[in-house]
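Note that our numbering gives residue 50 to position 50 of the sequence shown, counting from 1, and the numbers run on in steps of one.
No residue lacks a Cβ here, since even glycine has one placed at the ideal position from N, Cα and C.
All remarks here apply to the structure that follows.
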Amino acid sequence: MKKTYNLRYEDGNYIIEYSMPENSEGTLLIDEKNMELDSAKFYKMVFEKVSEEIEIVIVNLIDNDLDTRIVKKGARVCETLQSLCDDICNEINKKCFSA
């Protein structure tokens, strides 16, 4: 199963949400000032209902016309989340779904 999450920026927050319309997973906010991720909410939102091999893709939809610092920080957020998801997916797939 492949799931895609979008990263965007709005009102001082980096926002992560499932890309499917009418999703029930909600959104996750990362305040630009403190850059803290609610890891429990992130795990619950992305990994809680996994029932088969999974792949997560984080798509950076931050508008390049925004302030350069916001765009650069957003790119780092996207890269960091993607790396984290890759590591977690690999562990879940290896431990739960390998033959």
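Would you kindly work out how many angstroms separate the C-alpha atoms of residue i and residue j, rounded to a whole number?
i: K2; j: I54; result: 6 Å
i: N90; j: E48; result: 15 Å
i: K88; j: L66; result: In the sequence on display, residue 88 carries Ile and not Lys. I88 and L66: Cα-Cα distance of roughly 31 Å.
Specify, as a first and last residue, the run of the alpha helix (DSSP H) that residue i falls within.
i: N90; result: 68-97
Do residue j and residue i come within 8 Å of each other at the CB atom, strictly closer than that value?
i: D31; j: N13; result: yes
i: M45; j: L29; result: no
Classify residue i as helix, strand or coil using the three-state DSSP reduction.
i: K2; result: strand
i: V50; result: coil
Starting from residue i, follow the beta strand (DSSP E) in both directions and report where the run begins and ends.
i: D63; result: That residue, D63, is in no beta strand (DSSP E); it is neither H nor E in DSSP.
i: L28; result: 27-31
- Report yes or no: do the segment 5-12 and the segment 55-70 share at least 3 C-beta pairs separated by less than 8 Å? yes
- Message: Any contact between the segment 17-24 and the segment 72-79? By contact I mean 3 or more CB pairs, one from each, below 8 Å.
- Response: no
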